[in-house]
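**Student:** Oh and the sequence shown: position 68 is 138 in the working numbering, straight run, nothing missing. Backbone N, C-alpha and C define an ideal beta-carbon position, used for all residues, glycine too. Please read these numbers as outputs of a predicted model, since none were measured by experiment.
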Amino acid sequence: MQWYGRTTCAHVCSWICFALLALCGAYAIVKGVPRGPRSAISRTSGSGGSGSGGGGGDTQVYHRLEIAELMTHPAHAKQRVLFLWALHQQQLRPPSDPGSYYQLLGIHGAPFTAYREIAPPGPPCNPTKQWCGYCHHGDSLFPTWHRAYLLFLERHLAAEAAAVAARLARAQPGQAVKWHAAAAALRVPYWEFAGRGAARQGVPRCFVQESTAVLDPDTGRPAVIPNPLRSQLLLATAWLP
Numbered sequence: 071m072q073w074y075g076r077t078t079c080a081h082v083c084s085w086i087c088f089a090l091l092a093l094c095g096a097y098a099i100v101k102g103v104p105r106g107p108r109s110a111i112s113r114t115s116g117s118g119g120s121g122s123g124g125g126g127g128d129t130q131v132y133h134r135l136e137i138a139e140l141m142t143h144p145a146h147a148k149q150r151v152l153f154l155w156a157l158h159q160q161q162l163r164p165p166s167d168p169g170s171y172y173q174l175l176g177i178h179g180a181p182f183t184a185y186r187e188i189a190p191p192g193p194p195c196n197p198t199k200q201w202c203g204y205c206h207h208g209d210s211l212f213p214t215w216h217r218a219y220l221l222f223l224e225r226h227l228a229a230e231a232a233a234v235a236a237r238l239a240r241a242q243p244g245q246a247v248k249w250h251a252a253a254a255a256l257r258v259p260y261w262e263f264a265g266r267g268a269a270r271q272g273v274p275r276c277f278v279q280e281s282t283a284v285l286d287p288d289t290g291r292p293a294v295i296p297n298p299l300r301s302q303l304l305l306a307t308a309w310l311p
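1) So H133 is in the beta strand (DSSP E); what residue range does that whole segment cover?
2) If I'm right that L285 touches V151 with Cβ under 8 Å, what's the distance once you round it to whole angstroms?
3) Would P274 pass as a contact of W155 if the rule is Cβ separation under 8 Å?
4) Whole-angstrom Cβ separation of G203 and F182, contact assumed at under 8 Å?
5) Closest to K148 by CA distance: which of E262, A229, V234, A269 is it?
6) I need the DSSP call for A251, collapsed to helix, strand or coil.
7) Between the Cα of R300 and the Cα atoms of R225, A293, Q279, which residue gives the shortest distance?
8) Output needed for P292: all residues of its chain with C-beta closer than 7 Å, excluding positions within five of it in sequence on either side, in chain order.
9) Quick one: Cα of Q302 to Cα of Q161, how far?
10) Which value, in whole angstroms, describes the spacing of the CA atoms of L174 and R266?
11) In the DSSP assignment, find the unbroken alpha helix (DSSP H) run with I137 in it and report its ends.
12) Cβ of Y330 within 8 Å of Cβ of R134?
13) Check whether the Cβ atoms of G157 and P298 lie closer than 8 Å to each other.
14) With T282 as the anchor, note down where its beta strand (DSSP E) starts and where it stops.
15) Give me the residue from A268, G272, A232 with the minimum Cα distance to A251.
16) Please classify S170: is it buried, with 16 or more other beta-carbons within 10 angstroms of its beta-carbon, or exposed?
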């Protein structure tokens with residue numbers, strides 16, 4: 071099995087997208103959420119309604135967290151573990167899996183392949199006749215498209231987090247209710263890159279450290295995994311065409 075080194079290009083695209091939540095005027099995906107340091111979105115019944123993360127009849131309103139708060143505050147320890155594991159599980163899926171990190175991030179750009187065989191929109195965008203992805207840049211659909219895309223990413227993330235929470239609930243039955251509650255509350259965080267703290271500190275440490283501490287989903291014991299916010303290891307055959 072042949073491997074390339076770790077790549078960060080998909081992560082750059084994804085976290086620029088997450089930062090768009092702030093650029094679009096609110097730290098939320100849905101319209102009508104009040105602005106503020108923490109906006110909120112809610113789940114509705116059915117398949118997720120206008121909220122994010124799916125449905126299930128839960129109408130509780132949850133806050134979207136700034137990435138530094140999610141990654142450091144003790145009150146969000148369970149959400150943090152689920153967030154990291156959900157991304158890690160997506161990255162472990164084979165590149166051919168529509169639920170894999172490779173495929174989900176590919177909707178935004180590289181590797182410029184059709185998602186679920188949906189015909190690529192528009193003509194080739196460069197002299198090599200290469201199609202350049204589904205996303206809209208440089209036109210009026212830029213904020214609208216990226217909001218819908220973020221909702222799509224978040225629903226996949228929520229499904230992975232719920233599965234990890236179920237495993238941790240079995241490993242720690244005394245904490246089962248809290249693990250399921252953490253999964254229900256988890257939202258894609260945002261990076262407040264225009265704030266004073268970002269100007270002083272630069273890129274948050276959680277994006278650059280090579281490994282990160284979590285809990286093993288099957289034992290509930292401390293474990294260390296490659297940091298999914300930093301990079302992803304791809305098969306050589308799965309890289310750019």
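**Tutor:** In short, the structure shows the following:
1) Indexing the sequence shown from 1 puts residue 133 at position 63. Segment 131-133, the beta strand (DSSP E) holding H133.
2) Working through the sequence shown from its first residue, we reach residue 285 at position 215. Working through the sequence shown from its first residue, we reach residue 151 at position 81. Correct: roughly 5 Å between the Cβ atoms.
3) Numbered from 1 along the sequence shown, position 204 holds the residue referred to as residue 274. Numbered from 1 along the sequence shown, position 85 holds the residue referred to as residue 155. No, the pair does not count as a contact, with Cβ atoms beyond the cut-off.
4) Taking the sequence shown and counting its residues from 1, one reaches residue 203 at position 133. Taking the sequence shown and counting its residues from 1, one reaches residue 182 at position 112. Indeed they touch by this definition, with Cβ atoms about 5 Å apart.
5) In the sequence shown, counting from the first residue as 1, residue 148 sits at position 78. Among E262, A229, V234, A269, the Cα nearest to that of K148 is on V234.
6) Locating residue 251 in the sequence shown gives position 181, counting from the first residue. Assigned with DSSP and collapsed to three states, A251 falls in helix.
7) Your numbering for residue 300 matches position 230 in the sequence shown. Of the listed residues, the one whose Cα sits closest to R300 is Q279.
8) Here the question's residue 292 lines up with position 222 in the sequence shown. The answer, listed in chain order, is A283, L285.
9) The residue you call residue 302 lines up with position 232 of the sequence shown. The residue you call residue 161 lines up with position 91 of the sequence shown. In a straight line, the C-alpha of Q302 is about 7 Å away from that of Q161.
10) Within the sequence shown, the letter at position 104 stands for residue 174. Within the sequence shown, the letter at position 196 stands for residue 266. A direct Cα-to-Cα measurement between L174 and R266 gives close to 32 Å.
11) As a position in the sequence shown, residue 137 is number 67, starting the count at 1. It spans 137-142 - the alpha helix (DSSP H) in which I137 sits, taken as one unbroken run.
12) Here the chain covers residues 71 to 311 and nothing more, so residue 330 does not appear.
13) Locating residue 157 in the sequence shown gives position 87, counting from the first residue. Locating residue 298 in the sequence shown gives position 228, counting from the first residue. Reading the sequence as shown, one finds Leu at residue 157 and not Gly. Yes; because the gap between Cβ atoms is below 8 Å, this pair is in contact.
14) Along the sequence shown, read from residue 1 onward, the residue named residue 282 stands at position 212. Segment 281-285, the beta strand (DSSP E) holding T282.
15) Along the sequence shown, read from residue 1 onward, the residue named residue 251 stands at position 181. Nearest of A268, G272, A232 to A251, Cα basis: A232.
16) Counted from its first residue, the sequence shown places residue 170 at position 100. S170 counts as buried, since no fewer than 16 other beta carbons sit within 10 angstroms of its beta carbon.
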